[in-house]
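1 is the number of the first residue of the sequence shown in full-length UniProt numbering; add one for each residue after it. C-beta: ideal position from N, C-alpha, C; glycine also. The structure displayed is predicted, hence computed values, not measured ones.
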Amino acid sequence: MKTYDCIIIGGGPAGLSGALALGRARKDVLVLDDARPRNAVTHEMHGFLSRDRIKPSEFRRIAKEQISEYPSVEFAAETAVSIEGSDGQFQITTEQGQTYTSRKVLFAIGKKDLPLPIPGLTEVYGKSAFVCPYCDGWELRDQELVIIAKGAGAVHLAKMIPGWSSRYTICTNGPDEMTEEEREELRRHGVSVFDAPIRSILSNDGMVERVELEDGTAVPCTGIFFAPQLTIGSELPASIGCEMKETGSVVTDMLGRTNVPGVYCAGDAGTEMYQAIAAASTGAVAAMSLNGELLMERWNRSNP
Ligand SMILES: Cc1cc2nc3c(=O)[nH]c(=O)nc-3n(C[C@H](O)[C@H](O)[C@H](O)COP(=O)(O)OP(=O)(O)OC[C@H]3O[C@@H](n4cnc5c(N)ncnc54)[C@H](O)[C@@H]3O)c2cc1C
Numbered sequence: 001m002k003t004y005d006c007i008i009i010g011g012g013p014a015g016l017s018g019a020l021a022l023g024r025a026r027k028d029v030l031v032l033d034d035a036r037p038r039n040a041v042t043h044e045m046h047g048f049l050s051r052d053r054i055k056p057s058e059f060r061r062i063a064k065e066q067i068s069e070y071p072s073v074e075f076a077a078e079t080a081v082s083i084e085g086s087d088g089q090f091q092i093t094t095e096q097g098q099t100y101t102s103r104k105v106l107f108a109i110g111k112k113d114l115p116l117p118i119p120g121l122t123e124v125y126g127k128s129a130f131v132c133p134y135c136d137g138w139e140l141r142d143q144e145l146v147i148i149a150k151g152a153g154a155v156h157l158a159k160m161i162p163g164w165s166s167r168y169t170i171c172t173n174g175p176d177e178m179t180e181e182e183r184e185e186l187r188r189h190g191v192s193v194f195d196a197p198i199r200s201i202l203s204n205d206g207m208v209e210r211v212e213l214e215d216g217t218a219v220p221c222t223g224i225f226f227a228p229q230l231t232i233g234s235e236l237p238a239s240i241g242c243e244m245k246e247t248g249s250v251v252t253d254m255l256g257r258t259n260v261p262g263v264y265c266a267g268d269a270g271t272e273m274y275q276a277i278a279a280a281s282t283g284a285v286a287a288m289s290l291n292g293e294l295l296m297e298r299w300n301r302s303n304p
């Protein structure tokens, strides 16, 4: 059975960027990807230099087309379900019944959203409700916005959102742990805070029209920012012994190395900086670091 130099699990910006770097470094690479990226709900990806406003699927298509120029990179549309072995000899099995072997592994599995328990939010997510003002704040500039968040997250967004729109209201969706000082600070800045649970989000064709609360209040708006609940894209890093952060991310050093020899992690899975360009950058860095390790191992093996 063929032993790949590296198996990359995940074919988003992080994994594809790693595949490009390793393909150009003439390494045998397999990218396993089951194509469930977190940003699948969006029509456009913003802020990626030279690719601003591109469709996420188009971004991936172009990336794969360019990587395919490098013949040592293969792709398989499969879900990795188990990983065993150690540095130099990892075995990865997929849901589709295949087992692959590789010297190194790069996790680029992203994060995924936990189900949103607010009626109507799914319908607007990615169309008029977003999670990050750097990604979608420009498109909602100067609009009437609702921030759905609690505690420190709500206060943080309240300080950020005025960079894009000064017309916004906070809905905490039920009892909140905000301190009296925080509430007073928001009052001083003229920010309204509604504590009642959200009954539903009313929208038309994905475009939010108002947020209705259990106490009968209706908050009209044309855009929403909310704090998502995230979890890592796969349990595989934990299953092979990778140290994890409380946030659900894999602990890595600056070069994408985890605590498990031969195992790297890049992109959203190893950070809380949810930006495609940052994911691509960490994917490239991890790939170069991993390639350096492979080259050193080869050099040492061939010691005359
Ligand atoms: C609504 C929304 C809007 C966004 N808008 C922007 C924006 O405008 N600009 C921007 O820069 N960023 C944006 N982001 C953030 C951006 O999408 C992420 O930062 C970026 O996609 C992370 O890249 P990644 O490669 O780490 O993970 P992902 O792109 O999530 O890719 C991970 C891949 O790994 C695969 N995978 C996971 N587990 C397995 C497994 N076991 N086997 C096989 N495959 C697996 C998944 O199917 C997926 O294809 C947005 C995010 C959201 C949610």
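Which residues mark the beginning and the end of the beta strand (DSSP E) in which Glu-84 is found? In the DSSP assignment, Glu-84 falls within the beta strand (DSSP E) that extends over 80-86.
Looking only at its own chain, which residues have a Cβ that is under 7 Å from the Cβ of Asp-136, when we skip the five neighbours before and after it? Cβ within range, chain order: His-46, Phe-130.
Leaving aside the five residues before and after Ile-161 along the sequence, list all residues of the same chain whose C-beta is less than 8 Å from its C-beta, in chain order. Cβ neighbours of Ile-161 beyond the five flanking positions: Pro-133, Gly-137, Leu-145, Ile-147, Tyr-168, Phe-225.
Measuring CA to CA, which of Val-219, Leu-16, Ser-192, Gly-206 is closest to Thr-42? Thr-42 has its Cα closest to that of Gly-206, out of Val-219, Leu-16, Ser-192, Gly-206.
Out of Ala-276, Lys-112, Ser-82, Ile-198, point me to the one whose CA is closest to Arg-36's CA. Nearest of Ala-276, Lys-112, Ser-82, Ile-198 to Arg-36, Cα basis: Lys-112.
Euclidean distance between Cα positions of Asn-259 and Trp-164: The alpha-carbon atoms of Asn-259 and Trp-164 are separated by roughly 40 Å.
Tell me the DSSP bridge mates of Ser-192? The beta-bridge partner set that DSSP reports for Ser-192 consists of Thr-169.
Host alpha helix (DSSP H) of Leu-22 (start-end): Boundaries of the alpha helix (DSSP H) around Leu-22: 13-24.
Quick one: does the C-beta of Ile-8 sit closer than 7 Å to a heavy atom of ligand 1? Not so, every heavy atom of ligand 1 lies at least 7 Å from the Cβ.
Run the proximity test for Arg-61: is its beta-carbon closer than 7 Å to any non-hydrogen atom belonging to ligand 1? Taken from the Cβ of Arg-61, every heavy atom of ligand 1 lies 7 Å or farther away.
Could you give the DSSP three-state label for Pro-133: helix, strand or coil? Note: Pro-133 maps to helix in three-state DSSP.
So is the beta-carbon of Phe-226 under 7 Å away from any non-hydrogen atom of ligand 1? It does not: the Cβ of Phe-226 is nowhere closer than 7 Å to a heavy atom of ligand 1.
Close Cβ partners of Leu-213 (< 8 Å) along its chain, the five nearest in sequence each way excluded: Here the set comprises Cys-171, Phe-194, Ala-196, Pro-197, Ile-198, Arg-199, Val-219.
C-alpha distance - Gly-262 paired with Lys-150, whole-angstrom precision: Using only the alpha carbons, I get a separation of about 39 Å.
Whole-angstrom distance between Tyr-4 and Glu-272, CA atom to CA atom: Between the C-alpha atoms of Glu-272 and Tyr-4 there is a straight-line separation of about 30 Å.
Going by beta carbon distance, what residues of the same chain come within less than 6 Å of Gly-153, once the five residues before and after it are set aside? Only Ala-227 meet the Cβ criterion.
Decide if Ile-62 is buried, meaning its Cβ has at least 16 other Cβ atoms within 10 Å, or exposed. With fewer than 16 other Cβ atoms within 10 Å, it is exposed.
Please name the residue, chosen from Pro-117, Glu-180, Tyr-264, that lies closest to Lys-104 on a Cα-to-Cα basis. Closest option to Lys-104, Cα to Cα, is Tyr-264.
Give me, in chain order, the residues of the same chain whose beta-carbon lies closer than 6 Å to that of Phe-75; leave out the 5 immediate sequence neighbours on both sides. For Phe-75, where only same-chain residues beyond five positions count, the Cβ hits under 6 Å are Val-31.
Based on the DSSP output, what are the partners of Ile-8 in its beta bridges? DSSP lists Val-31, Leu-106 as partners of Ile-8.
Does DSSP put Pro-162 in a helix, in a strand, or in coil? In the displayed model, Pro-162 falls within a helix according to three-state DSSP.
Return yes when at least one heavy atom of ligand 1 lies under 7 Å from the C-beta of Gly-97, else no. Every heavy atom of ligand 1 is 7 Å or more from the Cβ of Gly-97, so no.
Cβ-Cβ separation, Ala-80 to Leu-290 (assumed contact under 8 Å), whole Å: That pair is no contact at about 17 Å.
Assuming contact is defined by CB atoms lying nearer than 8 Å, are Gly-270 and Thr-252 in contact in what I supplied? Taking 8 Å as the Cβ cut-off, Gly-270 and Thr-252 qualify as a contacting pair.
Just to check, is the beta-carbon of Tyr-4 closer than 7 Å to a non-hydrogen atom of ligand 1? For ligand 1, not one heavy atom lies less than 7 Å from the Cβ of Tyr-4.
Taking 7 Å as the line, does the beta carbon of residue 316 fall inside it for any heavy atom of ligand 1? No answer is possible for residue 316: the residues shown for the chain start at 1 and end at 304.
Between Tyr-125, Leu-16, Gly-97, Ala-21, which has its C-alpha nearest Ser-57's C-alpha? For Ser-57, the closest alpha carbon among the candidates Tyr-125, Leu-16, Gly-97, Ala-21 is that of Leu-16.
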